[in-house]
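A.B. asks: In full-length UniProt numbering, the protein residues as written are 1 to 83.
One structure follows; several queries about it will come next.
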């Protein structure tokens, strides 16, 4: 039985560490869900709005350029498969 005592001396600190890690992990998940995710959602929707506005400007410039150009656009290459 003397050989079992040294093995068990490290078990309780290991269990305590696992308990602390589990608690810390739960806190990290809660922080991410409560703080990080809403911020990402807000910022990503703003980024999409900005991108949409820039794409709208680009489409307008392309339309203006097409109106100014008297030549029709070149046909697409025949060797490229259609999507």
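Just so you know, even glycine gets a beta-carbon here, dropped at the ideal spot from N, CA and C.
1. Give me the Cα-Cα distance between residue 43 and residue 78, rounded to the nearest whole angstrom.
2. Quick check on DSSP: helix, strand or coil for residue 79?
3. To the nearest angstrom, how far is the alpha carbon of residue 21 from that of residue 45?
4. What are the start and end residues of the alpha helix (DSSP H) that includes residue 33?
C.D. replies: The structure says:
1. 42 Å
2. coil
3. 34 Å
4. Where residue 33 is concerned, there is no enclosing alpha helix (DSSP H), given that its DSSP letter is neither H nor E.
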